[in-house]
Amino acid sequence: MEVGRGSVAVAAGAGDEHVPAPVQESGPALAPVFERIKTHFPPAKIKKIMQTDEDIGKVSQATPVVAGRSLEYFVALLVTRSGELARASGTGKITADTLRETILKDEKFDFLRESLCGTD
0 MEVGRGSVAV AAGAGDEHVP APVQESGPAL APVFERIKTH FPPAKIKKIM
50 QTDEDIGKVS QATPVVAGRS LEYFVALLVT RSGELARASG TGKITADTLR
100 ETILKDEKFD FLRESLCGTD
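Residue numbers for the sequence shown follow numbering that gives the first Met the number 0, beginning at 0 and rising by one.
Next comes the structure, spelled out in structure tokens:
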């Protein structure tokens with residue numbers, strides 16, 4: 000089952016053994032990075048965080064898995080873009096300032112701009 004653009008496809012079934020496959024939106028450049036991700040966000044913890052919101056009732060089994068993979072993709076994209084920026088500036092090191100600059104320059108991260116400290 001595929002859900003929308005930039006989402007992940009999830010096989011029907013229960014448990015963590017079903018790992019969704021990424022849907023390529025950012026092109027082949029990010030595909031190797033995404034395939035190397037070994038750290039996964041535990042669906043049980045994601046479900047627990049989701050249920051802290053009073054407006055959220057029951058959560059299907061696939062929802063925390065999809066949310067976790069989306070989070071992994073988001074972090075991989077942010078780190079990849081920050082790494083490119085760090086290499087371009089000659090430092091080769093991702094710092095808080097590099098992340099801040101990436102968020103300010105890249106439109107995909109514009110929703111994070113209001114949460115940055117020191118932003119006008």
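Virtual Cβ for every residue (Gly too), placed ideally from N, Cα, C.
Next on the checklist: Cutting at 7 Å between CB atoms, please list the residues of its own chain near residue 99, excluding the five before and the five after it.
Outcome noted: 115
Item to check | DSSP-derived helix/strand/coil call for residue 59 | outcome: coil
Checklist entry - Shorter than 8 Å from the beta carbon of residue 58 to some beta carbon of chain C? => result The structure shown has no chain C; it contains just one protein chain.
Item to check | Whole-angstrom distance between residue 89 and residue 83, CA atom to CA atom | outcome: 10 Å
Next on the checklist: Suppose contacts are defined by Cβ-Cβ distances below 8 Å. Is residue 80 in contact with residue 109 by that definition?
Outcome noted: no
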